[in-house]
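First to last, the sequence lines map onto chains A and B.
For the first sequence, our numbering puts the final residue at 240, and the numbers step up evenly by one.
For the second sequence, our numbering puts the final residue at 480, and the numbers step up evenly by one.
Ideal Cβ positions, reconstructed from N, Cα and C, are used throughout, including at glycine.
All figures in this text were calculated on a predicted structure; none of them were measured in a lab.
Protein chains: 2
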Amino acid sequence: MRHAVSQTDPAHQAATRRALLDAAADVFAEVGFRNATVRDICRRAGANVAAVNYHFGDKGALYTEVLTEQSRLAYVKYPNPVPVPGLTPEQRFQAFVRSFLQRVLSAELHARHGRIMAREMVEPTAALDRLVAEAIRPQAELLRGIITDLLKGRADAETTRLCGMSVVGQILFYCHCQPVLTRLFPGARFDDGELDRLTAHITAFSLAAIHGLAGQRQPADHAPTTLPPTAPQRRRPRSH
Amino acid sequence: MRHAVSQTDPAHQAATRRALLDAAADVFAEVGFRNATVRDICRRAGANVAAVNYHFGDKGALYTEVLTEQSRLAYVKYPNPVPVPGLTPEQRFQAFVRSFLQRVLSAELHARHGRIMAREMVEPTAALDRLVAEAIRPQAELLRGIITDLLKGRADAETTRLCGMSVVGQILFYCHCQPVLTRLFPGARFDDGELDRLTAHITAFSLAAIHGLAGQRQPADHAPTTLPPTAPQRRRPRSH
DNA sequence: TGACATTTCAAACACGCGTTTGAAATATCT
DNA sequence: AGATATTTCAAACGCGTGTTTGAAATGTCA
């Protein structure tokens, strides 16, 4: 080593940028875009107030970058189920619910993705359009395909769509209404520590509903409640 | 008549107060508490900037009053189903879903209640504790009772609770995720114009699910999809 | 070493916010 | 009519915000 890394060398520059992104993700998840202050973000990142404007242009550009990165991180860590040929629609459905809940509730990701998304839905910013196009719509299409298979052609497109929203509504509930839930059931937890329980319930509830709407008999247990999570979870490489 | 009502007479004072409450309800529903400005509220109410502080003390007290009033208005206009002895649990369930959707989506109430509640859940203010105690908890208890009857004692308390959250999650979805829905399905509407369709779907979906979890055969149609709304809708008297 | 580029920093700027103020306007009461 | 209380209003205050600025610090390279 030649000398200690000083404040203005490239390594430290990248570190400042990274620290800002991390601090901003926390702050935006905690209080939302409008209520977040640049001063708070910089303080947590150990940087000067002017750092955000220097590295990202303005507060809005920083938010967009945080949104994109957190979404990407969530999908990399908890990807959607890959369409393995042998799986039944019921198994694909359970895997879909589980990975969705993980992305939204994951403690390891500080539930950042879910919290930021919840705020973005109730109080959209300019970034929502891109988010819908790149993340939400593919997700909706994936679910629609699974539900179409589950219904075995016994329901029209409108019913299929409504079923999809019933499923997503159940999942997002634990993310959107967390403050109410903690007050309503002070002892209970509704985070990713309860992931298995929540996955099992939403899957059982929804499959019973969809099978019922399809006019089928309720099959006893062709949807195993235990299933390898979603896919081999690889960490993405550190480089960018 | 003696003379035109002037600015400082008691009638006009009450009118100013009322105009502030109305304008504030709109603004809080549109942009939330923190993003709402006293100046905007006063401008819409046709009042001076100082009017809020004079009539309510401060912005927070105005918000509390708006929250209370909008909640009361929603429940007065769309009350919970009264427990008529002759009704089946399925009928009570449908009535519960319908009145809940009405309160949250009602165009006549400008969807104020639903929008304000959605914001309060994602970004709670000091008023949330009282709201949970006075409005949300009784609502949860009512639903719990109906679901307990539907399950006919064939599920434990935990499952009952999870079923309740599945139902509420489906309902609130149309309120919380409106911005996403309009982008995802540009042609479709998810407001109280679709009340009958949404009520029918959520009821059918949830009853099929609950009956399935209770291990029952799926009864063909003991839950009529048409039902007198909730209760005779009386307007509350104008006096206060 | 000296010229140049990059990054950091303390300080300040411009603006919008909730709130306060003191006077003006009007109604009420004797 | 005169005194008093209530309500409205324009103006201002104090503060926090996102952003800008110009200099200082540090790196690179000839």
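Exercise for the section: Have a look at Val-38(A) and Ala-50(A) and give me their C-alpha separation to the nearest angstrom. Expected result: For this step, residue 38(A) is matched to residue 38 along the first sequence. For this step, residue 50(A) is matched to residue 50 along the first sequence. The alpha-carbon atoms of Val-38(A) and Ala-50(A) are separated by roughly 9 angstroms.
Practice task
Might you give, ordered along the chain, the residues of its own chain that have their beta carbon closer than 6 angstroms to the beta carbon of Leu-368(B), omitting 5 neighbours on each side?
Solution key: Against the second sequence, residue 368(B) aligns to sequence position 128. Taken in chain order, the residues that qualify are Glu-360.
Practice task
Measure the alpha-carbon distance for Ala-45(A) versus Leu-20(A) and round it to whole angstroms.
Solution key: Within the first sequence, residue 45(A) is the residue found at index 45, counting from 1. Within the first sequence, residue 20(A) is the residue found at index 20, counting from 1. Going from the Cα of Ala-45(A) to the Cα of Leu-20(A) covers about 5 angstroms.
Practice task
Give the secondary structure of Gln-458(B) by DSSP, where H, G and I count as helix, E and B as strand, and everything else as coil.
Solution key: Numbered from 1 along the second sequence, position 218 holds the residue referred to as residue 458(B). Caution applies to Gln-458(B), whose pLDDT of 42 falls short of 50 and renders its modelled position unreliable; the model cannot decide the point.
Handout entry: Simplified DSSP assignment, three categories, for Cys-415(B)
Key = Here residue 415(B) is taken as the residue at index 175 of the second sequence, counted from 1. Reduced to three states, the DSSP call for Cys-415(B) is helix.
Practice task
Can you pull the chain A residues whose beta carbon is under 7 angstroms from the beta carbon of Glu-363(B), in chain order?
Solution key: If you number the second sequence from 1, residue 363(B) lands on position 123. Simply Gly-32.
Handout entry: chain B contact for Cys-177(A) (CB, 7 angstroms cutoff)
Key = Start at 1 with the first residue of the first sequence, and residue 177(A) comes out as number 177. Closer than 7 angstroms: yes.
Exercise for the section: Note down, in chain order, every chain B residue with its Cβ under 7 angstroms from the Cβ of Asn-35(A). Expected result: Position 35 of the first sequence, counting from 1, holds the residue named residue 35(A). Correct list: Arg-274.
Handout entry: Reduced DSSP category for His-295(B) - H, G, I as helix; E, B as strand; rest coil
Key = Taking the second sequence and counting its residues from 1, the one referred to as residue 295(B) is at position 55. Reduced to three states, the DSSP call for His-295(B) is helix.
Practice task
List the residues of chain B that Asn-143(A) touches, going by C-beta distances under 9 angstroms, in chain order.
Solution key: The residue labelled residue 143(A) in the question sits at position 143 within the first sequence. Contrary to the premise, residue 143(A) reads as Leu rather than Asn in this sequence. Correct list: empty, because the minimum Cβ distance to chain B is about 12 angstroms.
Exercise for the section: Have a look at Glu-309(B), Ala-255(B) and Ser-339(B) and flag the residue whose alpha-carbon is nearest the alpha-carbon of Asp-432(B). Expected result: Residue mapping note: residue 432(B) aligns to position 192 of the second sequence, counting from 1. For the residues Glu-309(B), Ala-255(B) and Ser-339(B), the minimum Cα distance to Asp-432(B) belongs to Ser-339(B).
Practice task
Find the residues of chain A that neighbour Ala-444(B), judging by a C-beta separation of less than 7 angstroms, and give them in chain order.
Solution key: Translated into positions along the second sequence, residue 444(B) becomes position 204. Simply Leu-213.
Problem - For Ile-386(B), the first and last residue of its enclosing alpha helix (DSSP H) - result: Residue mapping note: residue 386(B) aligns to position 146 of the second sequence, counting from 1. Its alpha helix (DSSP H) spans residues 377-391.
Problem - C-alpha distance - Arg-43(A) paired with Thr-159(A), whole-angstrom precision - result: Mapped onto the first sequence, residue 43(A) falls at position 43. Mapped onto the first sequence, residue 159(A) falls at position 159. Each residue's alpha carbon lies about 50 angstroms from the other.
Problem - Identity of the residue in Ala-287(B), Asp-262(B), Pro-329(B) and Val-316(B) nearest Tyr-303(B) by Cα - result: Counted from its first residue, the second sequence places residue 303(B) at position 63. The shortest C-alpha separation from Tyr-303(B) is found at Asp-262(B).
Handout entry: Option nearest Arg-112(A) by Cα separation, candidates Arg-92(A), Thr-68(A) and Ile-171(A)
Key = Numbered from 1 along the first sequence, position 112 holds the residue referred to as residue 112(A). Of the listed residues, the one whose Cα sits closest to Arg-112(A) is Thr-68(A).
Handout entry: Beta-carbon separation (whole angstroms), Ala-135(A) vs Ser-71(A), contact threshold 8 angstroms
Key = For this step, residue 135(A) is matched to residue 135 along the first sequence. For this step, residue 71(A) is matched to residue 71 along the first sequence. Confirmed, Cβ separation roughly 5 angstroms.
Practice task
Would you be able to state if there are at least three C-beta pairs under 8 angstroms between the region 376-393 of chain B and the region 137-147 of chain A?
Solution key: no
Exercise for the section: Select from Arg-161(A), Met-117(A), Asn-53(A) and Tyr-75(A) the residue whose C-alpha is nearest the C-alpha of Phe-445(B). Expected result: Taking the second sequence and counting its residues from 1, one reaches residue 445(B) at position 205. For Phe-445(B), the nearest C-alpha among the options comes from Arg-161(A).
Problem - Enclosing alpha helix (DSSP H) for Phe-336(B) [first to last residue] - result: Against the second sequence, residue 336(B) aligns to sequence position 96. Where Phe-336(B) is concerned, the enclosing alpha helix (DSSP H) stretches over 329-345.
Problem - Contact set between Gly-297(B) and chain A, taken where Cβ atoms lie within less than 8 angstroms - result: Here residue 297(B) is taken as the residue at index 57 of the second sequence, counted from 1. The contacting residues do not exist; Gly-297(B) stays about 23 angstroms from chain A at best.
Handout entry: Cβ of Val-316(B) within 7 angstroms of any chain A Cβ
Key = Along the second sequence, one-based indexing puts residue 316(B) at 76. Not one chain A Cβ lies under 7 angstroms of Val-316(B).
Practice task
Compare the C-alpha of Glu-330(B) against each of Asp-280(B), Ile-386(B), Leu-453(B) and Leu-438(B) and name the closest.
Solution key: In the second sequence, counting from the first residue as 1, residue 330(B) sits at position 90. Looking at the Cα atoms, Ile-386(B) is the closest of the given residues.
Practice task
May I ask you to report which of helix, strand or coil DSSP gives His-420(B)?
Solution key: For the purposes of this step, residue 420(B) is taken as residue 180 along the second sequence, with counting starting at 1. Here residue 420(B) is Val; the residue named in the question, His, does not match the sequence. Residue state, collapsed to three classes: helix.
Practice task
Determine the chain A residues that contact Ser-483(B) at a beta-carbon separation under 7 angstroms, and present them in chain order.
Solution key: This structure leaves residue 483(B) out entirely; chain B is present only between 241 and 480.
Problem - Proximity test, Cβ basis, 7 angstroms: Gly-240(B) and chain A - result: Given that chain B is displayed from residue 241 to residue 480, the structure contains no residue 240(B) and the question cannot be resolved.
Exercise for the section: Using a cut-off of 7 angstroms between C-beta atoms, extract the partners of Leu-402(B) located in chain A. Expected result: Along the second sequence, read from residue 1 onward, the residue named residue 402(B) stands at position 162. In chain order: His-201.
Exercise for the section: Within its chain, find whatever has a CB closer than 6 angstroms to the CB of His-441(B); leave out the 5 residues flanking it on each side and keep chain order. Expected result: Within the second sequence, numbered from 1, the residue matching residue 441(B) stands at position 201. Cβ neighbours of His-441(B) beyond the five flanking positions: none.
Exercise for the section: Go to His-441(B), then tell me how far its alpha helix (DSSP H) extends in each direction, as first and last residue. Expected result: By one-based count along the second sequence, residue 441(B) stands at place 201. Unbroken alpha helix (DSSP H) run through His-441(B): 435-453.
Practice task
Confirm, please, whether the CB-CB distance from Ala-29(A) to Arg-115(A) is below 7 angstroms.
Solution key: Residue 115(A) sits at position 115 when you count from the first residue of the first sequence. Residue 29(A) sits at position 29 when you count from the first residue of the first sequence. Going by C-beta atoms, Arg-115(A) is nearer than 7 angstroms to Ala-29(A).
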